[in-house]
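Trainee:
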Amino acid sequence: SGVFKISGTPTASGTFNYTVTTAGLCNNQSVSGSIIVNPLPVINPVSNLNYCANSSASSINFTTSTPGTPTYNWTSSANVGFGTSGTGNIPAFTAINNTNSVITATVSVTAIVNGCSGASTLFTVTVNPEPVVNLVSNLIYCNNAPAASIAFSSPVTGGTVTYSWTSSVNVGFGVNGTGNIGAFTAINNSFSPLVATVTVTPILNGCTGSPITFTVTVNPNPNAGTISGSAT
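Taking the numbering used here, I'd label the letters of the sequence shown as residues 10 to 241.
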């Protein structure tokens, strides 16, 4: 039987040159050749992304430093505007979240180069819901009457909703502020009802929702009219 050995030195391109030399009956017979070993492709890291519902998002492009022409296959744990699977880069999309909670999609991307598939790369795409503020009933007070605080609330979860408000006129609590409106004394120094239109805008994780409005009416103090006439 013959005995042989393979020897060689890899080159930078991933090509391994070899020589097979026999010993024994066919001593000093050799065959030379090369073996190409392609590396497993590695996808460059993709940053986690965060969007507001209904906002425009740029395309998500994948890259690799592995030589060759890569193809990319990806899957997403939730549809936040670009579906749940695809090939190639993720094109520009509109972020979608029709719930009252934060949605986080985990995206898994695999690269294929020269027929070799590498390990998956993961990143997340978080879409915050559009913040909503619950409706507030219109309020009516008398001048100088004590008024309870006006509290705002929201059905949205997954973060703390903050509130920014403005008032068309000062009826005891100013004309703008943030958070709830604290207890106040209703003010109207005129002779007619004073109506303040209050606009409240909800904000969550940097996302601004649609405002609501309500009115606060403060009636003036009753005043006796002047009776004029002549005695007979």
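Glycine included, each C-beta is placed from N, C-alpha and C at the ideal position.
Where Asn53 and Gly215 are concerned, what is the direct C-alpha to C-alpha distance, given to the nearest angstrom?
Mentor: As a working mapping, residue 53 is identified with position 44 in the sequence shown. As a working mapping, residue 215 is identified with position 206 in the sequence shown. Rounded to the nearest angstrom, the two C-alpha atoms are 29 Å apart.
Trainee: Pro48: which of Ser85, Pro138, Gly124 and Tyr81 sits nearest, CA to CA?
Mentor: For this step, residue 48 is matched to residue 39 along the sequence shown. Residue Gly124 is the option with its Cα nearest to Pro48.
Trainee: Looking only at C-alpha atoms, which of Val134, Thr206 and Ser162 sits nearest to Ala62?
Mentor: What you label residue 62 is simply residue 53 of the sequence shown in a count that begins at 1. Cα-wise, what sits closest to Ala62 is Val134.
Trainee: Using only CA atoms, which one of Thr166, Ile159 and Phe132 lies nearest to Ser173?
Mentor: Locating residue 173 in the sequence shown gives position 164, counting from the first residue. Residue Ile159 is the option with its Cα nearest to Ser173.
Trainee: Once you ignore the five residues that flank Thr84 on each side, which residues in its own chain have a CB closer than 6 Å to its CB?
Mentor: Walking along the sequence shown from the start, residue 84 turns up at place 75. So the qualifying residues of the chain are Ser94 and Ser117.
Trainee: Would you call the CB atoms of Thr223 and Asn147 closer than 8 Å?
Mentor: For the purposes of this step, residue 223 is identified with residue 214 of the sequence shown, where counting begins at 1. For the purposes of this step, residue 147 is identified with residue 138 of the sequence shown, where counting begins at 1. Reading off the sequence shown, one finds Phe at residue 223, where the question assumed Thr. Contact flag set, yes.
Trainee: How should Leu213 be labelled, buried or exposed, when 16 other C-beta atoms within 10 angstroms of its C-beta is the threshold for buried?
Mentor: As a position in the sequence shown, residue 213 is number 204, starting the count at 1. Looking at its Cβ environment, which holds 16 or more other Cβ atoms inside 10 Å, Leu213 is buried.
Trainee: Measure the Cβ-Cβ separation of Val142 and Phe161 and say whether it is below 8 Å.
Mentor: As a position in the sequence shown, residue 142 is number 133, starting the count at 1. As a position in the sequence shown, residue 161 is number 152, starting the count at 1. It is a contact, given that the beta carbons lie within the stated cut-off.
Trainee: So is Phe91 buried or exposed if we call it buried at 16+ other beta carbons inside 10 Å?
Mentor: Reading the sequence shown from its first residue, position 82 is the one you call residue 91. Buried.
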